[in-house]
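According to the UniProt record's numbering, the sequence shown is numbered sequentially starting from 1. We treat Cβ as the ideally placed atom computed from N, Cα and C, and that holds for glycine. Below: the structure, in structure tokens.
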Amino acid sequence: MEQTDWSVVILSGMADKPLTSRGAATRQRILDVATQEFAEHGIAGARVERIVAAARTNKAQLYGYFGSKEGLFDAIFFGSLERIMTVVPIDATDLADWAVRLYDEYLRRPDLIRLATWARLERRPAGHLVDDADRLDAAKLGAIADAQATGLVRSGDPFDLMAMVIAMSMAWSPVSNVYAATDQEPAHVHEQRRTLLRDSVRRVVTPG
């Protein structure tokens, strides 16, 4: 006898129903709790039982909103990618400043880096972190290409330039194998790093 996948049944039953304010609050609690759970334990190590207990809900609601544990991770991970584009928009005319703003955001939200690291370790050990259809690079790459065309940014593959600037901004990230910065450090320490980062990126991307 074929076993019923109740997560699919629940999901299909809730898909067309708009969320009530209470439902929206529950969904957000799940997202908030699961963000920390995935950041600490990864995709395989995260436990739905811990998530629903901390979010004061149940598995039926979690599966109703997200379909599966993988679906919940996707909602959080892709939401974090979209969020950082909004909170830290690229300015290709000043990539050094963009790098510093990324550094500050990683200090505020270390979970963003941890989520991306787990996605890399458990899903895509090589190549792009997400499928081409899900990539959100087009606007950033276009902005860099435009800055190159006007002589503000050195020549080279826009993607490689973007990847390098992001990597430089992550020099002190939570997953650094050298030193992981925190927002508890003295302000002058962060200012020293910002100055170093800003100057270094500027030297690298400015046409020679």
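Residue range of the alpha helix (DSSP H) that residue i falls in?
i: G142; result: 138-149
i: M170; result: Element bounds for M170: n/a, residue is neither H nor E.
i: V205; result: 187-205
i: H41; result: 21-45
i: V52; result: 48-54
i: Q61; result: 59-66
i: residue 211; result: Outside the displayed range of the chain (1 to 208) lies residue 211, so it cannot be described from this structure.
Only counting the same chain, and skipping five residues up and downstream in sequence, which positions put a Cβ closer than 7 angstroms to that of residue i?
i: L115; result: F38, A39, I76, F77, S80
i: K59; result: V48, V52
i: T93; result: A147, L152
Output the distance between the C-alpha atoms of residue i and residue j, rounded to the nearest integer angstrom.
i: F73; j: D160; result: 27 angstroms
i: S68; j: E122; result: 17 angstroms
i: A55; j: S155; result: 49 angstroms
i: D199; j: M162; result: 16 angstroms
On the criterion of 16 or more Cβ atoms from any shown chain inside 10 Å, does residue i qualify as buried, or is it exposed?
i: R203; result: exposed
i: F144; result: The amino acid occupying residue 144 in the given sequence is Ile; Phe does not appear at that position. Counting Cβ neighbours within 10 Å, I144 comes out buried, since at least 16 surround it.
i: Q3; result: Caution applies to Q3, whose pLDDT of 41 falls short of 50 and renders its modelled position unreliable; the value that the coordinates give is listed next. Exposed: under 16 other Cβ atoms inside 10 Å.
i: I166; result: exposed
Closer than 8 angstroms by C-beta to residue i: which residues in its own chain qualify, once you throw out the five before and the five after it? Chain order, please.
i: residue 213; result: Outside the displayed range of the chain (1 to 208) lies residue 213, so it cannot be described from this structure.
i: Q36; result: D111
With contact counted as at least three CB pairs below 8 angstroms, one residue from each stretch, are the region 22-29 and the region 97-108 in contact? Contact between the region 22-29 and the region 97-108 is absent, because fewer than three Cβ pairs lie under 8 angstroms.
When you compare the region 181-189 with the region 103-114, are there three or more beta-carbon pairs, one atom per stretch, that lie closer than 8 angstroms? yes
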